[in-house]
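*Asks:* Sequences listed follow chains P and U, in order.
Be aware that the first sequence starts at 0, since it is given in numbering that gives the first Met the number 0, and climbs by one per residue.
Be aware that the second sequence starts at 0, since it is given in numbering that gives the first Met the number 0, and climbs by one per residue.
Heads up, the beta-carbon is just placed ideally off N, CA and C, and yes, glycines get one too.
Small disclaimer: the values here were computed from a predicted structure and weren't measured.
Quick one: the structure is below, and I'll ask about it shortly.
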Amino acid sequence: MVEPLRRGDATAFDEVYRRHTPGLFAFLVRLAGRAAIAEELLQETWLRLATHASTLAGDTNLRAWLFTVARNLYRSHRRRSLLDIDRLRFWRWTSRDRPAAPSPHDLAVTSETERRLEAALASLPLAQREIVLLVAVEGFSPSRAAAVLGLRPEAARQRLRRARAAIGEALVERVRPPVGAAQGESS
Amino acid sequence: MSHGKDADEIAARLVALPRPTLGAAAHAQIHARSRDAFLASAAAGRARAAPSSWVRCWTRALEPIAIAAIVVGYLVWTASALAAIDWGRLALPSMHRVGSMAGPRAADGEQND
Chain P
0 MVEPLRRGDA TAFDEVYRRH TPGLFAFLVR LAGRAAIAEE LLQETWLRLA THASTLAGDT
60 NLRAWLFTVA RNLYRSHRRR SLLDIDRLRF WRWTSRDRPA APSPHDLAVT SETERRLEAA
120 LASLPLAQRE IVLLVAVEGF SPSRAAAVLG LRPEAARQRL RRARAAIGEA LVERVRPPVG
180 AAQGESS
Chain U
0 MSHGKDADEI AARLVALPRP TLGAAAHAQI HARSRDAFLA SAAAGRARAA PSSWVRCWTR
60 ALEPIAIAAI VVGYLVWTAS ALAAIDWGRL ALPSMHRVGS MAGPRAADGE QND
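Here it is in structure tokens:
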């Protein structure tokens, strides 16, 4: 599929877009936590492919390339946002205390188990969330995910183990009622 | 439940999570924009790769003519240069030189004796 893209074949571009958009969007929504940001980053990812298609190497793994670009774009966006939040805090005007409105995706996740799992996933540190999303959700092999994240394969496997353990712990904590609350109820 | 089983169960649940989906309007808009950018970039790439009319004219017509003219000119010049050489005069001085070298040695020998 890379060769027709390099030649500027629009049909090949349509096919690549159709095939990879659902996975990329899901990945970006779960990284960013907001559909609007994910849409913006998805647009930017496809524009990157549109302008760099002719320079792709013949043996490029297109899926890994797209996820690498999407992930890097999210990282850049996050850095910019953190700087903006710092500026807002400086002016003592921040929306941190306002309750966030549920996104359409939040509303769609109806099952309790799914909601808990999504919450556990969202509570992971970014580095762990990335690898879980790539390997466990998008089906990348750990070594391919390591290449996307710029890690050594062994480091990626270790990070994945930690992330899975963290999700397991988060799920158990959410199921188990708080100890203090239980005592309060009995007294 | 063992730790491995837990990990498998979590992995299975993660795979089964419903995917957030992109709205149809946003899908179409992103596709249209990126497709336009792709076509524009491909057209620009083709324009860069295509040779200019001067380059086409040079490679198809002028270059072979120029090479042929240079080769013919070189052959004509070489032939005229070779024709201008007086081969008879070139051969004689070498013969004289052999004779003149033999002369003094013979004279020396005569003196030593």
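Using only the alpha-carbon positions, how far apart do Ala118(P) and Leu16(U) sit?
*Replies:* The count along the first sequence starts at 1 and reaches residue 118(P) at position 119. The count along the second sequence starts at 1 and reaches residue 16(U) at position 17. Note on geometry: alpha-carbon atoms of Ala118(P) and Leu16(U) lie some 12 angstroms from one another.
*Asks:* Around the Cβ of Arg17(P), are there at least 16 other Cβ atoms within 10 angstroms (buried) or fewer (exposed)?
*Replies:* Locating residue 17(P) in the first sequence gives position 18, where the first residue counts as 1. It is exposed - the Cβ of Arg17(P) has fewer than 16 other Cβ atoms within 10 Å.
*Asks:* Taking one C-beta from the stretch 136 to 144 of chain P and one from the stretch 154 to 172 of chain P each time, how about it: are there three or more such pairs within less than 8 angstroms?
*Replies:* yes
*Asks:* Is there a C-beta anywhere in chain P that falls below 9 angstroms from the one on Thr77(U)?
*Replies:* Locating residue 77(U) in the second sequence gives position 78, counting from the first residue. Cβ-Cβ to chain P under 9 angstroms: no for Thr77(U).
*Asks:* What's the C-alpha gap between Val14(U) and Asn60(P)?
*Replies:* Locating residue 14(U) in the second sequence gives position 15, counting from the first residue. Locating residue 60(P) in the first sequence gives position 61, counting from the first residue. Those two C-alpha atoms are separated by around 22 angstroms.
*Asks:* Counting only beta-carbon atoms, is Pro21(P) nearer than 9 angstroms to chain U?
*Replies:* Here the question's residue 21(P) lines up with position 22 in the first sequence. Judged by the 9 angstroms Cβ criterion, Pro21(P) is in contact with chain U.
*Asks:* Report buried or exposed for Glu2(P), applying the criterion of at least 16 other Cβ atoms within 10 angstroms of its Cβ.
*Replies:* Position 3 of the first sequence, counting from 1, holds the residue named residue 2(P). Of the other Cβ atoms in all chains shown, fewer than 16 fall within 10 Å of the Cβ of Glu2(P); this residue is therefore exposed.
*Asks:* Can you list the residues of chain U that Phe273(P) reaches, using a CB-CB cut of under 7 angstroms?
*Replies:* Not covered by the structure: residue 273(P). The range shown for chain P is 0 to 186.
*Asks:* Using a Cβ cut-off of 9 angstroms (strictly closer), state whether Ile130(P) contacts chain U.
*Replies:* On the first sequence, residue 130(P) is found 131 positions in, with the first residue counted as 1. Not an interface residue.
*Asks:* Over the uninterrupted alpha helix (DSSP H) stretch that includes Gly22(P), give me the two end residues.
*Replies:* Translated into the one-based positions of the first sequence, residue 22(P) becomes position 23. Counting along the chain, the alpha helix (DSSP H) containing Gly22(P) begins and ends at Ala9 to Ala31.
*Asks:* Grab me the residues of Ile166(P)'s own chain with a C-beta within less than 8 angstroms of its C-beta, minus the 5 sequence neighbours each way, in chain order.
*Replies:* One-based indexing of the first sequence puts residue 166(P) at position 167. Correct list, in chain order: Leu116, Ala119, Leu120, Leu123 and Val131.
*Asks:* Could you spell out the range, first to last residue, of the alpha helix (DSSP H) harbouring Pro3(P)?
*Replies:* Here residue 3(P) is taken as the residue at index 4 of the first sequence, counted from 1. Per DSSP, Pro3(P) belongs to the alpha helix (DSSP H) from Val1 to Arg6.
*Asks:* If we define contact as Cβ-Cβ less than 9 angstroms, is Asp63(U) a contact residue for chain P?
*Replies:* Taking the second sequence and counting its residues from 1, one reaches residue 63(U) at position 64. A quick correction: the sequence has Pro, not Asp, at residue 63(U). Taking Cβ atoms only, chain P never reaches closer than 9 angstroms to Pro63(U), which makes this a no.
*Asks:* Say whether chain P places a C-beta atom closer than 9 angstroms to the C-beta of Ala46(U).
*Replies:* For this step, residue 46(U) is matched to residue 47 along the second sequence. So, not an interface residue.
*Asks:* Under 6 angstroms Cβ to Cβ from Asp13(P), same chain only, skipping five residues before and after it: list those, please.
*Replies:* For the purposes of this step, residue 13(P) is taken as residue 14 along the first sequence, with counting starting at 1. Closer than 6 angstroms at the Cβ level, and outside the excluded window around Asp13(P), lies no residue.
*Asks:* Please report how far the alpha carbon of Arg114(P) lies from the alpha carbon of Arg6(P), in whole angstroms.
*Replies:* If you number the first sequence from 1, residue 114(P) lands on position 115. If you number the first sequence from 1, residue 6(P) lands on position 7. For Arg114(P) and Arg6(P), the gap between their C-alpha atoms comes out near 44 angstroms.
*Asks:* Measure from the alpha carbon of Ser75(P) to the alpha carbon of each residue in Thr20(P), Glu39(P) and Ala169(P), then state which is nearest.
*Replies:* Looking up residue 75(P) in the first sequence gives position 76. Nearest C-alpha to Ser75(P): Glu39(P).
*Asks:* Could you check whether the Cβ of Leu30(P) sits closer than 9 angstroms to any Cβ belonging to chain U?
*Replies:* To locate residue 30(P), count along the first sequence from 1; it is residue 31. Judged by the 9 angstroms Cβ criterion, Leu30(P) is not in contact with chain U.
*Asks:* Given Ala162(P), which residues of its chain have a CB within under 8 angstroms of its CB, disregarding the five upstream and five downstream residues?
*Replies:* Here the question's residue 162(P) lines up with position 163 in the first sequence. The answer, listed in chain order, is Leu123, Gln127, Arg128, Ile130 and Val131.
*Asks:* Hey, could you find the ends of the alpha helix (DSSP H) Ile64(U) is sitting in?
*Replies:* The count along the second sequence starts at 1 and reaches residue 64(U) at position 65. From DSSP, the alpha helix (DSSP H) with Ile64(U) extends over Glu62 to Ala83.
*Asks:* Quick check on Leu4(P): buried or exposed, where buried means 16 or more other Cβ atoms within 10 Å of its Cβ?
*Replies:* Working through the first sequence from its first residue, we reach residue 4(P) at position 5. Buried, since its Cβ has 16 or more Cβ neighbours within 10 Å.
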